[in-house]
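Comments concern the structure below.
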Amino acid sequence: MILLTGAVHAAPIDDALRQYDGGHYEVAARQFEPLAEGGNAVAQERLAIMYFYGRGVPEDEDKALQWARRSADQGNLDAMYFIGNMYVFGDRLPKSVPDPDQEAARWYFEAARKGHAEAEYGLGLLFLAGKGVVQDQEEAMRWIRSAADNGHPGARSFLGGSKGAGH
Numbered sequence: 005m006i007l008l009t010g011a012v013h014a015a016p017i018d019d020a021l022r023q024y025d026g027g028h029y030e031v032a033a034r035q036f037e038p039l040a041e042g043g044n045a046v047a048q049e050r051l052a053i054m055y056f057y058g059r060g061v062p063e064d065e066d067k068a069l070q071w072a073r074r075s076a077d078q079g080n081l082d083a084m085y086f087i088g089n090m091y092v093f094g095d096r097l098p099k100s101v102p103d104p105d106q107e108a109a110r111w112y113f114e115a116a117r118k119g120h121a122e123a124e125y126g127l128g129l130l131f132l133a134g135k136g137v138v139q140d141q142e143e144a145m146r147w148i149r150s151a152a153d154n155g156h157p158g159a160r161s162f163l164g165g166s167k168g169a170g171h
């Protein structure tokens, strides 16, 4: 019975993800909304992205942050990484805090310390530039190497083009 229940609950999110991946954002938004309200962390994270970029819903950084926070509170590493991105690339959100780079670093670290390759790379770049964190090339390379080890193509490319890229 548990397996059957899991399969029933998996189908709506799978269909919503297919709609999203196919660029049918309005349909995906209508499917994600009740799932997100019901606590589905993946639906919450996708709705955050949709609100941030205005895909299928009106662009709204506040709603994007609310959905991403709900997802991140459930441990969704992609949502944690996305919150960091919103503080780096947002229009209004970075102006809402004294140091948006520090906020980004905090959220990248939350995901990076659990092995999220994109967050590791982003955190490494912040350490390299000294944005939101103390500039520290050794710490930067540690995170970038970890991202490369976890399959991040940008980190692999970065290390391939830098001296001392070996372990």
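First residue of the sequence shown: 5, per the working numbering; consecutive thereafter.
Beta carbons are placed, not taken as given, at the ideal position from N, Cα and C, and that holds for glycine.
Contacts around residue i, its chain only, beta-carbon distance under 7 Å, and the 5 residues preceding and following it disregarded
i, result
"Asp-64", "Tyr-55"
"Leu-39", "Pro-16, Ile-17, Ala-20, Ala-47"
"Arg-96", "Glu-65"
"Gly-158", "Tyr-125"
Residue i to residue j span [Cα, whole Å]
i, j, result
"Leu-163", "Asp-153", "11 Å"
"Val-31", "His-120", "29 Å"
"Thr-9", "Arg-22", "Caution applies to Thr-9, whose pLDDT of 45 falls short of 50 and renders its modelled position unreliable; the value that the coordinates give is listed next. Roughly 21 Å separates the two Cα atoms."
"Leu-28", "Gly-60", "One detail in the question is off: residue 28 reads as His in this sequence, not Leu. Taking the straight line from one Cα to the other gives about 8 Å."
"Asp-77", "Gln-70", "11 Å"
"Val-101", "Gly-94", "12 Å"
"Ala-33", "Ala-72", "15 Å"
"Asp-25", "Leu-51", "13 Å"
"Gly-43", "Ile-53", "16 Å"
"Asp-140", "Ala-123", "17 Å"
"Glu-41", "Tyr-57", "20 Å"
"Pro-98", "Gly-134", "17 Å"
"Arg-149", "Glu-143", "10 Å"
Sub-7 Å separation of residue i and residue j beta-carbons
i, j, result
"Leu-127", "Phe-113", "yes"
"Ile-17", "Val-46", "yes"
"Ala-151", "Tyr-125", "yes"
"Gly-136", "Leu-130", "yes"
Contact belief for residue i with residue j at Cβ below 8 Å, rounded distance in angstroms
i, j, result
"Tyr-85", "Pro-104", "15 Å between Cβ atoms; not a contact."
"Gln-48", "Arg-74", "5 Å"
"Trp-147", "Ala-108", "Contact flag wrong, Cβ pair sits at about 13 Å."
Spatial neighbours of residue i in its chain, beta-carbon cut-off 8 Å, leaving aside the 5 residues before and after
i, result
"His-118", "A small correction: the amino acid at residue 118 is Lys; His does not occupy that position in the sequence shown. Result list for Lys-118: Leu-81, in chain order."
"Gly-155", "Ala-121"
Sequence-distant residues of its chain with Cβ nearer than 6 Å to residue i (five each side left out)
i, result
"Trp-111", "Met-84, Ile-87, Gly-88"
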